[in-house]
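Numbering (the numbering used here), first residue to last: 49 to 289.
All remarks here apply to the structure that follows.
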């Protein structure tokens, strides 16, 4: 039996910004779907403890006022999201995350900020990233590679883009479509596929950095490209040896 026929856990975060070192989690979702069982979704709204920039609120719809009035303490949200991911990982359920290096790294920085034990210290998650998979399978396709673009290309419904629950479910649908229509991909053991994505993501990042370096006006962006996947290590403190 191949992994596309089994259960998956979709994971998505919406945040205050795009820099994982300074951004805060605003909303989160962990959704269990597939495997012939009903879809189960858990969602969280956090009070991030900082102002939510207007440009971020325009994307996910959560203002500072709403987060403060209705959101739960960020530390509680981070702990519960981590617990949900640990449960999936311990059960051998793959965690599907669009642009996994962003979401997992943001969660890691938040758990460090709030004193929560790391997912990676508690379990060995097997990750499926539709962005990495798509770029490996079809590297020269023109057009965007955001989740909305992948949903359009693979004819997957996306209702309510940029809400954590909608994005998590849509990412699972894209991965299911890839695994179901590409037998060689769908038959790979999850542990092997995870390690392959580590290598694919590294090559993709190196290619992007190379593009920046040779493109006038974009050279400065090359140094910001990280090759680690699905988790970017925290910066070293104090500049020690």
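Where is the CB? At the ideal position from N, CA and C, for every residue including glycine.
Within a Cβ cutoff of 8 Å, which residues of the same chain sit near residue i, ignoring the five residues on either side of it in sequence?
i           : result
residue 154 : 61, 63, 68, 71, 73
residue 85  : 55
residue 230 : 185
residue 105 : 111, 112
When the Cα atoms are used, what is the spatial distance from residue i to residue j?
i           : j           : result
residue 53  : residue 81  : 10 Å
residue 189 : residue 79  : 29 Å
residue 262 : residue 272 : 15 Å
residue 98  : residue 125 : 15 Å
residue 225 : residue 248 : 19 Å
residue 200 : residue 143 : 22 Å
residue 51  : residue 177 : 14 Å
residue 267 : residue 161 : 32 Å
residue 276 : residue 265 : 25 Å
residue 83  : residue 281 : 33 Å
residue 217 : residue 283 : 31 Å
residue 135 : residue 243 : 21 Å
residue 270 : residue 59  : 28 Å
Output needed for residue i: all residues of its chain with C-beta closer than 7 Å, excluding positions within five of it in sequence on either side, in chain order.
i           : result
residue 138 : 171
residue 108 : 62, 74, 75, 210, 211
Measuring CB to CB, does residue i end up less than 8 Å from residue j?
i           : j           : result
residue 174 : residue 239 : yes
residue 274 : residue 148 : no
residue 221 : residue 204 : yes
residue 101 : residue 140 : no
residue 127 : residue 164 : yes
residue 213 : residue 146 : no
Got a sec: is the Cβ-Cβ distance from residue i to anything in chain C below 8 Å?
i           : result
residue 226 : In the displayed structure, chain C is absent; only one protein chain is listed.
Does at least one heavy atom of the ligand ZN sit under 7 Å from the Cβ of residue i?
i          : result
residue 73 : Judged by which ligands are present, the structure shown has none, so any question about the ligand ZN falls away.
Can you list, in chain order, the residues of its chain whose CB lies under 6 Å from that of residue i, leaving out five sequence neighbours each side?
i           : result
residue 182 : 198
residue 152 : 278, 279
residue 202 : 222, 225
residue 87  : 81
residue 180 : 245, 248, 249
Touch check for the stretch 113-121 and the stretch 85-93: three-plus C-beta pairs under 8 Å? Because the criterion of three Cβ pairs below 8 Å is met, the stretch 113-121 and the stretch 85-93 touch.
At which residue ranges does the stretch 113-180 contain complete alpha helix (DSSP H) runs of 4 or more residues, listed in the order of the chain? Counting whole runs of 4 or more residues, the stretch 113-180 contains the alpha helix (DSSP H) stretches 122-138, 148-162, 167-170.
Check whether the stretch 159-177 and the stretch 193-205 are in contact - that is, three or more C-beta pairs closer than 8 Å. Contact between the stretch 159-177 and the stretch 193-205 is absent: fewer than 3 CB-CB pairs across the two stretches fall below 8 Å.
Hey, is the stretch 251-267 in contact with the stretch 227-237, meaning 3+ C-beta pairs nearer than 8 Å? Contact annotation: the stretch 251-267 does not touch the stretch 227-237, with fewer than three C-beta pairs closer than 8 Å.
Examine the Cβ distances between the stretch 157-166 and the stretch 256-268 and report whether three or more of them are shorter than 8 Å. Output reads no: the stretch 256-268 does not touch the stretch 157-166.
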